[in-house]
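Chemist:
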Amino acid sequence: MKFGIRLVLGALIAVVGTFGAAAQDTIAKIKQRGTIVVGVKNDYKPWGFLDPSGKIVGMEIELAEDVAKKLGVKLEMIPVIAANRMEFLNQGRIDLVIATMGDTAERRKVVGMVEPNYYAGATNVLAPKSANLKKWEDLKGRKVCAVQGAYYNRRVGQLYQPDLVVFPAVPDALNALQGGNCIAFLFDDTLIGSTLAGGDPKWANYEMPLASEDPQLWAIGVRLTDLDAPFGKLMKEMSVDWHKSGRLLALEKKWGIKTSPYLEEANKKHRGS
Amino acid sequence: MDGTADFFRWLAEAHRIDVSIAYDPLDRKRFLIGLWTTIWLSGVCIGSSILVGLIGAWLHGARSAAARGAVQVFVQFFRNTPPLVQLAFFYFAVSAALPPVTDRFGASVPLIDNVGWAIVSFSLFAGAFNVEIFRSGIEAVPRATVEAAESLGYTRLAAYRHVVLPLAFRVCLPALGNNLVNLVKTTTLAYAIGVPELLYAASQVWSEVFNVREMMVVLLLTYVALVAVLVHGLRRWERAMRIPGYSA
Amino acid sequence: MSALAVLLPRQPAAVGSEWGAARMPSALRSRKTIAALAILGAVWTAAAWAAAPVDRPSVLALAVKWAPLIFGGFLFNLLVSVAAMALGTAAGVLLGLAQISLLRPVQAASWAVTQFFRNAPWLVLLFFAMFLLPFEWRIGGVTVPFPAWLKAMLGLALPVLANVSEIVRGGVLSIPLGQWESAESLAFSRRQILWRIILPQAVKRMIPPWMNLYAILTMATTLISVVGIQDAMTLTRGALVAEARTDLYLPLYFMLLLMFFAYCYPIARYTQVLERRFAVRG
Chain A
128 MKFGIRLVLG ALIAVVGTFG AAAQDTIAKI KQRGTIVVGV KNDYKPWGFL
178 DPSGKIVGME IELAEDVAKK LGVKLEMIPV IAANRMEFLN QGRIDLVIAT
228 MGDTAERRKV VGMVEPNYYA GATNVLAPKS ANLKKWEDLK GRKVCAVQGA
278 YYNRRVGQLY QPDLVVFPAV PDALNALQGG NCIAFLFDDT LIGSTLAGGD
328 PKWANYEMPL ASEDPQLWAI GVRLTDLDAP FGKLMKEMSV DWHKSGRLLA
378 LEKKWGIKTS PYLEEANKKH RGS
Chain B
1275 MDGTADFFRW LAEAHRIDVS IAYDPLDRKR FLIGLWTTIW LSGVCIGSSI
1325 LVGLIGAWLH GARSAAARGA VQVFVQFFRN TPPLVQLAFF YFAVSAALPP
1375 VTDRFGASVP LIDNVGWAIV SFSLFAGAFN VEIFRSGIEA VPRATVEAAE
1425 SLGYTRLAAY RHVVLPLAFR VCLPALGNNL VNLVKTTTLA YAIGVPELLY
1475 AASQVWSEVF NVREMMVVLL LTYVALVAVL VHGLRRWERA MRIPGYSA
Chain C
18 MSALAVLLPR QPAAVGSEWG AARMPSALRS RKTIAALAIL GAVWTAAAWA
68 AAPVDRPSVL ALAVKWAPLI FGGFLFNLLV SVAAMALGTA AGVLLGLAQI
118 SLLRPVQAAS WAVTQFFRNA PWLVLLFFAM FLLPFEWRIG GVTVPFPAWL
168 KAMLGLALPV LANVSEIVRG GVLSIPLGQW ESAESLAFSR RQILWRIILP
218 QAVKRMIPPW MNLYAILTMA TTLISVVGIQ DAMTLTRGAL VAEARTDLYL
268 PLYFMLLLMF FAYCYPIARY TQVLERRFAV RG
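What follows is the structure in structure tokens.
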């Protein structure tokens, strides 16, 4: 019986196919191709978003451009979402993930997280002031929008038991929030903070009412096989350099994000060393 | 049960074939909730889309040109636009335009939630096809039959209910079956507005356990099995409703 | 039986099309339909115009601002639909012919493949292709890249090929058996009968359901937005987030619906004309 099941499953998996990325030196491969393919967000203002001409721009996009410049190749950007970025990386469809990816222990089993981490955020909600939320417990039983694949969905879902409505991508969730389909949008406090600080009248009646929870570092992702290979090392060096030179702080200012304590601290630390 | 769970745990560890819904209680629960949601969502939509079809076909036979025209606009519009955009149109746009209601927390919330809009949207979409299917079935009933019924003292409504519909329904069944199978497949679109159906459940599992391959196989097999059950049921129904001595 | 037959409905011929072969309205009604939709469009424009608040740009101005970008996305949807249709048709014809093969194993295998892909939801097949196809293929020593949009086309071509396979099988089976028998009695080989006698007639009957399938595929191309490829739907959503105006939701989504309607409705109309022209009386 077990053998039968194993046979059927084996056959199915064989049909589906197993595709691993070849352990070839990634830098050489990128240079040979003449292009580096980076998975970025196109719905996460101001880290990576679309301008009206359809071009992807933002703070993370500039980091991707830095990497391409350093390697002397062209930059190709592929929009990814939380639910597919690690798959794409491990399939080899992209060489690098710079897409607001939280650095968790679970994920470290699947992708290589580049240190030092280039950013840090925590969990909060964006809600209309009229919702009158005071504490996390207020979310219980209410409709709260979220995005597929975000690491905090599970934790918040179990801890505070909101009625989570999880969408494939951020714009769907924002549309739903603005349309009044949910009481709040569960998200990263950095993004919420910068959205509200932007002074955009469309967010005038919204607030970030709760105390941020569950601080989380963001990391640039490479394939696990690349982490200790030249490509991973190069990314680490660049990451140190971004902190040390103040590049990250400057970018933060340029894109109108509230200066984060994490970046200030890291800048001090790396300059000191 | 334990033996099966152990087997799949072994499979995950020894062969990296991670069917986590077979041994992880949380994942299994999520998957079963998704399966159940897909089943009842399909059931509700099948019922209401047939109702939409019947009403539409009835209005189409009405004397009022305005009623007939309205049915035509409805049918053609819903048949010739993407169901995913229809769903977004209802859930995001129509919902925002409707007056909100107050929930038990005292906050104003939309009249209809995502599950509700999925039902409305899919019922209208499949219903538009059903209108055409029923109409062609009704048209296939000879005039003489209706006249015969009327000469026996049936009113128009009674003739429609007791004579025309039963006959037309038998003619429609194959096409109707096709459409209902499609309706079940269309329920996957509810994923896009966060309805916790089967695809949603599977994607939740694979974005946490990173077992896309395995979940994809499970998902495909589950849907093919669901559709097979429906097709089988429809075929039995068709056979049960057959008029003796009269067949295609 | 004969007395009963007069009072019972005609049985329509079963067609192997995905959505059944419901008949469409007469040409007169369709003109009215178009007129009614034109009125709807006009009402939309007027409402958008009238709803403009004083201190903010009017909804119409915003719709006009985003329309070119969304229309560009719509053209991409059409491109995907044409490519997926070509791919699916080529593979589906082969699979359909395999379904009427006299070799039992070939017939059984092609039947199974057809049923599997016909009964799986389009969106699930699309996910399947996006996640599980490799990013590049090595053919000989050459590495062929396999970008996302190509995978999406393949993902959409899977259900197309299964449906084309059914259309081909249904078309061939719709030709009366008598034609096979009389051709056999004239000493034609099976291959000759199929290619010279049966297929030329069957193709005519396959065209309407094939066009119907194309219209369905065109509408299904919006699914690629769910797996993260930028199309008209993605761009519409992006525009709505950028403007954050709830009064813009209805007009923009309606505009998107109209774009698809303007493309798919004429195809449906023409399909119906062909259906009538090729219909075999009897």
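Chains as they are written, first to last, in our numbering: chain A, 128 to 400; chain B, 1275 to 1522; chain C, 18 to 299. The beta-carbon is built from N, C-alpha and C at its ideal position, and this holds for glycine as well. Treat the numbers as computed from the prediction; the structure is a model and nothing was measured.
On the DSSP bridge list, what partners appear for Val-254 (chain A)?
Modeler: Locating residue 254 (chain A) in the first sequence gives position 127, where the first residue counts as 1. Sequence inspection shows Ala at residue 254 (chain A); the Val mentioned does not correspond to that position. Answer by DSSP bridge pairing, in chain order: A:Glu-334.
Chemist: Give me the Cα-Cα distance between Met-41 (chain C) and Ala-1331 (chain B), rounded to the nearest whole angstrom.
Modeler: Here residue 41 (chain C) refers to the residue found at position 24 of the third sequence. Here residue 1331 (chain B) refers to the residue found at position 57 of the second sequence. With a pLDDT of only 43 at Met-41 (chain C), under the threshold of 50, the placement of this residue in the model should not be trusted; the figure read from the coordinates follows. Going from the Cα of Met-41 (chain C) to the Cα of Ala-1331 (chain B) covers about 13 angstroms.
Chemist: Would DSSP call Ala-279 (chain C) helix, strand or coil?
Modeler: By 1-based counting over the third sequence, the position of residue 279 (chain C) is 262. Note: Ala-279 (chain C) maps to helix in three-state DSSP.
Chemist: By the three-class DSSP mapping on this structure, what secondary structure does Glu-203 (chain A) have?
Modeler: On the first sequence, residue 203 (chain A) is found 76 positions in, with the first residue counted as 1. Glu-203 (chain A) falls in the strand class under three-state DSSP.
Chemist: Taking DSSP's pairing of strands, which residues face Ala-1418 (chain B) in a bridge?
Modeler: Taking the first residue of the second sequence as position 1, residue 1418 (chain B) is located at position 144. In DSSP, Ala-1418 (chain B) forms no bridge with anything.
Chemist: State the DSSP-derived secondary structure class of Tyr-245 (chain A), mapped to helix, strand or coil.
Modeler: On the first sequence, position 118 is the one that residue 245 (chain A) refers to. Coil, per DSSP.
Chemist: When Cβ atoms are compared, which residues of the segment 294-307 of chain A fall closer than 9 angstroms to chain B?
Modeler: For the segment 294-307 of chain A, which is checked against every Cβ of chain B, the residues closer than 9 angstroms are Phe-294, Pro-295, Asp-299, Ala-300, Asn-302, Ala-303, Gln-305, Gly-306, Gly-307.
Chemist: Excluding the 5 residues flanking Lys-395 (chain A) on each side, which residues of the same chain have their C-beta closer than 6 angstroms to its C-beta?
Modeler: For the purposes of this step, residue 395 (chain A) is identified with residue 268 of the first sequence, where counting begins at 1. So the list is empty, once near-sequence residues are dropped.
Chemist: Can you pull the chain C residues whose beta carbon is under 9 angstroms from the beta carbon of Gly-181 (chain A), in chain order?
Modeler: Here the question's residue 181 (chain A) lines up with position 54 in the first sequence. Under the 9 angstroms cutoff, chain C gives Leu-86, Gly-89, Gly-90, Gln-247, Leu-252, Gly-255.
Chemist: Rounded to whole angstroms, what is the Cα-Cα separation between Lys-360 (chain A) and Phe-144 (chain C)?
Modeler: For the purposes of this step, residue 360 (chain A) is identified with residue 233 of the first sequence, where counting begins at 1. For the purposes of this step, residue 144 (chain C) is identified with residue 127 of the third sequence, where counting begins at 1. The alpha-carbon atoms of Lys-360 (chain A) and Phe-144 (chain C) are separated by roughly 33 angstroms.
Chemist: Are Thr-231 (chain A) and Tyr-287 (chain A) closer than 8 angstroms when you measure CB to CB?
Modeler: For this step, residue 231 (chain A) is matched to residue 104 along the first sequence. For this step, residue 287 (chain A) is matched to residue 160 along the first sequence. Contact: no.
Chemist: Under 7 angstroms Cβ-Cβ, which residues of chain B neighbour Phe-148 (chain C)?
Modeler: Reading the third sequence from its first residue, position 131 is the one you call residue 148 (chain C). Within chain B, the residues near Phe-148 (chain C) are Val-1486, Met-1490.
Chemist: Taking C-beta to C-beta, are Val-292 (chain A) and Asn-1388 (chain B) nearer than 8 angstroms?
Modeler: By one-based count along the first sequence, residue 292 (chain A) stands at place 165. By one-based count along the second sequence, residue 1388 (chain B) stands at place 114. Taking 8 angstroms as the Cβ cut-off, Val-292 (chain A) and Asn-1388 (chain B) qualify as a contacting pair.
Chemist: Can you tell me the Cα-Cα spacing of Leu-1325 (chain B) and Asn-1404 (chain B), whole angstroms?
Modeler: On the second sequence, residue 1325 (chain B) is found 51 positions in, with the first residue counted as 1. On the second sequence, residue 1404 (chain B) is found 130 positions in, with the first residue counted as 1. Using only the alpha carbons, I get a separation of about 9 angstroms.
Chemist: Classify Gln-1478 (chain B): buried if its beta carbon has 16 or more other beta carbons within 10 angstroms, exposed otherwise.
Modeler: Counting from 1 along the second sequence, the entry for residue 1478 (chain B) is found at position 204. Buried is the call here.
Chemist: Rank A:Gln-275, A:Met-228, A:Ala-247, A:Ile-310 by C-alpha distance to the C-alpha of Trp-263 (chain A) and give the top, closest one.
Modeler: On the first sequence, residue 263 (chain A) is found 136 positions in, with the first residue counted as 1. Minimum Cα distance to Trp-263 (chain A) is reached at A:Ile-310.
Chemist: Could you please give me the residues that DSSP links to Ser-1382 (chain B) through a beta bridge?
Modeler: Indexing the second sequence from 1 puts residue 1382 (chain B) at position 108. Paired residues: B:Thr-1376.
Chemist: With burial defined as no fewer than 16 other Cβ atoms inside 10 Å of the residue's Cβ, what is the status of Gln-358 (chain A): buried or exposed?
Modeler: The residue labelled residue 358 (chain A) in the question sits at position 231 within the first sequence. The question names Gln, but residue 358 (chain A) in the sequence shown is Phe. Result: buried.
Chemist: Have a look at the DSSP bridge pairing and note the partners of Phe-294 (chain A).
Modeler: Position 167 of the first sequence, counted from the start, is the residue given in the question as residue 294 (chain A). In the DSSP output, where bridge partners are listed per residue, Phe-294 (chain A) has A:Val-274.
Chemist: To which residues of the same chain is Phe-146 (chain A) closer than 7 angstroms at the C-beta, ignoring the five residues directly before and after it?
Modeler: Here residue 146 (chain A) refers to the residue found at position 19 when the first sequence is read from its first residue. In this predicted model, Phe-146 (chain A) has a pLDDT of only 39, less than 50, meaning its place in the structure is not dependable enough to derive any value.
Chemist: Hey, would you say Asn-229 (chain C) sits closer than 8 angstroms to Val-1498 (chain B), going by beta carbons?
Modeler: Taking the third sequence and counting its residues from 1, one reaches residue 229 (chain C) at position 212. Taking the second sequence and counting its residues from 1, one reaches residue 1498 (chain B) at position 224. It is not a contact, given that the beta carbons lie outside the stated cut-off.
Chemist: From Val-1383 (chain B) to Thr-263 (chain C), what distance separates their C-alpha atoms?
Modeler: Looking up residue 1383 (chain B) in the second sequence gives position 109. Looking up residue 263 (chain C) in the third sequence gives position 246. In a straight line, the C-alpha of Val-1383 (chain B) is about 15 angstroms away from that of Thr-263 (chain C).
Chemist: Determine the contact status of Leu-190 (chain A) and Ile-154 (chain A), defining contact as a CB-CB distance below 8 angstroms.
Modeler: Within the first sequence, residue 190 (chain A) is the residue found at index 63, counting from 1. Within the first sequence, residue 154 (chain A) is the residue found at index 27, counting from 1. In this structure, Ile-154 (chain A) does not lie closer than 8 angstroms to Leu-190 (chain A) by Cβ.
Chemist: Under the three-state reduction of DSSP, which class applies to Arg-269 (chain A): helix, strand or coil?
Modeler: Walking along the first sequence from the start, residue 269 (chain A) turns up at place 142. In this structure, Arg-269 (chain A) counts as coil in the three-state DSSP scheme.
Chemist: Residues in its own chain within less than 7 angstroms of Leu-337 (chain A) by CB, not counting five upstream and five downstream?
Modeler: Counting from one through the first sequence, the residue named residue 337 (chain A) turns up at place 210. Within the same chain, Leu-337 (chain A) has close Cβ partners Asn-251, Val-252, Leu-260, Lys-262, Trp-263.
Chemist: Please compile the residues from chain A whose C-beta is within a distance smaller than 8 angstroms of the C-beta of Tyr-266 (chain C).
Modeler: What you label residue 266 (chain C) is simply residue 249 of the third sequence in a count that begins at 1. Under the 8 angstroms cutoff, chain A gives Asn-302, Gly-306.
Chemist: Cα separation between Pro-255 (chain A) and Val-1486 (chain B)?
Modeler: Numbered from its first residue, the first sequence carries residue 255 (chain A) at position 128. Numbered from its first residue, the second sequence carries residue 1486 (chain B) at position 212. The alpha-carbon atoms of Pro-255 (chain A) and Val-1486 (chain B) are separated by roughly 36 angstroms.
Chemist: Would you mind sorting Ile-384 (chain A) into buried or exposed? The rule is 16 or more other CB atoms within 10 Å of its CB.
Modeler: The residue you call residue 384 (chain A) lines up with position 257 of the first sequence. Buried: at least 16 other Cβ atoms inside 10 Å.
Chemist: Would Ala-232 (chain C) and Ile-284 (chain C) qualify as a contact pair, given that the criterion is a beta-carbon distance under 8 angstroms?
Modeler: Translated into positions along the third sequence, residue 232 (chain C) becomes position 215. Translated into positions along the third sequence, residue 284 (chain C) becomes position 267. The answer is yes: Cβ separation under 8 angstroms.
Chemist: What's the call for Met-1515 (chain B), buried or exposed, on a 16-neighbour Cβ count within 10 Å?
Modeler: In the second sequence, counting from the first residue as 1, residue 1515 (chain B) sits at position 241. Under this definition Met-1515 (chain B) is an exposed residue.
Chemist: Specify, as a first and last residue, the run of the alpha helix (DSSP H) that Leu-167 (chain C) falls within.
Modeler: Sequence index remark: in the third sequence, residue 167 (chain C) carries index 150 (1-based). Per DSSP, Leu-167 (chain C) belongs to the alpha helix (DSSP H) from 165-190.
Chemist: Run through the DSSP bridge pairs and tell me what Gln-343 (chain A) is partnered with.
Modeler: One-based indexing of the first sequence puts residue 343 (chain A) at position 216. DSSP lists A:Gly-248 as partners of Gln-343 (chain A).
Chemist: Do you know how far the Cα of Ala-259 (chain C) is from the Cα of Tyr-171 (chain A)?
Modeler: As a first step, residue 171 (chain A) must be located in the first sequence, where it is residue number 44. As a first step, residue 259 (chain C) must be located in the third sequence, where it is residue number 242. Looking at the two C-alpha atoms, the distance is approximately 11 angstroms.
Chemist: Using only the heavy atoms of the ligand PLP, determine whether one of them is closer than 7 angstroms to the beta carbon of Gln-1346 (chain B).
Modeler: Judged by which ligands are present, the structure shown has none, so any question about the ligand PLP falls away.
Chemist: Which residues in the same chain as Pro-1470 (chain B) place their Cβ atom closer than 7 angstroms to its Cβ, once the five residues preceding and following it in sequence are excluded?
Modeler: As a first step, residue 1470 (chain B) is located in the second sequence; it is residue number 196 there, counting from the start. Closer than 7 angstroms at the Cβ level, and outside the excluded window around Pro-1470 (chain B), lie Ile-1307, Gly-1308, Thr-1311.
Chemist: Can you tell me the Cβ-Cβ gap for Val-297 (chain A) and Val-274 (chain A), rounded? I've got them flagged as a contact below 8 angstroms.
Modeler: Indexing the first sequence from 1 puts residue 297 (chain A) at position 170. Indexing the first sequence from 1 puts residue 274 (chain A) at position 147. 6 angstroms between Cβ atoms; contact.
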